[in-house]
Amino acid sequence: MASQDRPVCQIFSFQDCKASPDPIFELPAQCLIPTPVPIVIDNGSFQTRAGWAASAAEFDSPRLLFRSVAARSRGAARSETQIGNDIPNLEPLRWLLKSQFDRNVVVNFEIQELIFDYVFTHLGIASEGSVEHPIVLTEAPCNPLHCRQMMSELLFECYRVPYVSYGVDGLYSFYHNNTQRNIRPTHTGLVLSSGYHCSHILPVINGRLDAVNCKRVNVAGSQAASYLQRLLQLKYPGHLAAITLSRMEELLHEHSYTAVDYHEELEKWRSPEFYEREVHRMQLPFSGSRAAV
């Protein structure tokens with residue numbers, strides 16, 4: 000008879016979440032009066048987030064959050080391009096997906112313009128020929144001058160924005176979290192920022208980034224998902240098509256964690272009791288169809 004104290008096996012199913020098209024919001028009156036409120040755009044290589052830099056609680060979270068990709072069939076018109084959440088399932092269109100990024104640096108400004116069009120339209124910007132709101136835009140640490148110049152040219156000449164402020168998302172987060180903890184503004188610390196294509200080590204001394212000693216490591220979420228996909232496809236060749244990149248990203252985001260002490264975690268996982276208690280078993284979608292006899 001099996002022991003009643005045996006840990007219950009944890010079995011999870013893949014959510015396979017589908018994106019829903021973003022609504023087109025109305026431009027709030029408080030974002031125009033007395034002066035136009037800045038638009039904050041977190042221009043990430045994995046996701047784009049956009050919202051208003053307003054003090055009201057309703058603006059604390061981004062209005063828009065979508066994958067930084069575009070899909071357009073060869074020969075299709077510009078108006079037929081699908082952006083972000085307009086693509087319900089990325090896997091069938093994976094070969095068509097394009098990003099404005101090469102690693103974490105913007106190089107494809109045609110796609111970047113499509114992303115900006117999507118953001119401004121869905122935030123309710125309806126002004127003809129210009130965007131009257133200042134822009135706060137994130138960029139990579141030590142972004143090449145040419146890339147910033149091209150981005151500024153796009154914003155000022157195409158959208159005629161009045162002002163642009165560039166910043167590093169990891170430093171914004173560092174400042175915000177220290178402010179929430181009531182730490183004095185002249186912060187000193189070390190920021191470890193791991194994104195989709197790259198990870199950065201950013202030393203901050205007396206509130207200023209020490210750019211000379213910044214380091215970039217070309218290992219991040221994208222490489223982790225691709226590596227996990229290859230490992231599982233080698234282990235389970237019969238489920239090759241079912242082990243998709245989207246499901247690997249779900250595994251990383253929902254069913255994994257970063258070990259603070261790698262060797263200590265290995266020792267824990269060598270214990271059968273710990274393994275049975277903590278392991279997550281994933282159930283692939285089951286097809287009940289039978290082969291013809």
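The numbering of the sequence shown is numbering that gives the first Met the number 0, which starts it at 0 and goes up by one. Quick reminder that beta carbons are idealized off the backbone N, C-alpha and C, glycines included.
With a threshold of 6 Å on Cβ separation, who are the neighbours of ILE10 within its own chain once the five nearest residues in sequence on each side are excluded? ARG280 and GLN282
Does the count of Cβ pairs from the stretch 98-109 and the stretch 167-177 closer than 8 Å reach three? no
Among ARG73, ALA56 and SER221, which has the Cα closest to the Cα of GLY43? SER221
If you drop the 5 nearest sequence neighbours on each side, which residues of the same chain put their C-beta closer than 7 Å to that of GLU248? ALA224
Which residues in the same chain as SER164 place their Cβ atom closer than 6 Å to its Cβ, once the five residues preceding and following it in sequence are excluded? VAL135
Measuring alpha carbon to alpha carbon, tell me which of ARG73, PRO284, GLU131 and GLU112 ends up nearest PRO35. GLU131
Determine the burial state of THR185: buried for a count of at least 16 other Cβ atoms within 10 Å of its Cβ, exposed for fewer. exposed
According to DSSP, simplified to helix, strand and coil, what is HIS121? helix
Are there three or more Cβ pairs, one per stretch, closer than 8 Å when the stretch 85-102 is compared with the stretch 59-74? yes
Leaving out the 5 sequence neighbours to the left and right, which residues in its chain are closer than 7 Å to ARG48 when beta-carbon positions are compared? ASP41, PRO61, LEU63 and LEU64
Whole-angstrom distance between ARG229 and TYR195, CA atom to CA atom: 18 Å
Please report the distance separating the alpha-carbon of PHE100 from that of GLN111. 9 Å
So, under 8 Å CB-CB, LEU227 and LEU265 are touching, yes? Tell me the CB distance rounded to an integer number of Å. LEU227 to LEU265, Cβ: 18 Å. No contact.
Could you check where the alpha helix (DSSP H) with ASP21 kicks off and where it finishes? Unbroken run through ASP21: none, as it is neither H nor E.
Select from PRO271, GLU263, VAL259 and PRO284 the residue whose C-alpha is nearest the C-alpha of ALA241. PRO284
Would DSSP call ASP41 helix, strand or coil? strand
Confirm the yes/no value for this check: CB of VAL216, any heavy atom of the ligand MG, distance under 7 Å. In the structure on display, the ligand MG does not appear, and there are no ligands present to speak of.
Distance, PRO20 Cα to ASP85 Cα: 5 Å
Ranges of the alpha helix (DSSP H) found wholly within the stretch 99-154, counting only runs of at least 4: 108-121 and 144-152
Could you tell me if THR257 is buried or exposed, where buried requires 16 or more neighbouring beta carbons within 10 angstroms of its beta carbon? exposed
How would you label ARG159, buried or exposed, when you count the other beta carbons within 10 angstroms and need 16 or more for buried? exposed
Within the same chain, show all residues whose beta-carbon is closer than 7 Å to that of ALA219, passing over the 5 residues directly before and after it, in chain order. SER193, GLY194, TYR195, HIS196, CYS197 and SER198
With DSSP collapsed to three states, give me the class of LEU64. strand
Specify, as a first and last residue, the run of the beta strand (DSSP E) that THR47 falls within. 46-51
Any idea which residues DSSP pairs LYS293 with across the strands? For the chain, the structure presents residues 0 to 292; residue 293 sits outside this window and is missing.
Distance, Cα to Cα, VAL118 vs SER54? 20 Å
Tell me which residue opens and which closes the alpha helix (DSSP H) that ARG269 is part of. ARG269 -> no alpha helix (DSSP H), and no H or E assigned at all.
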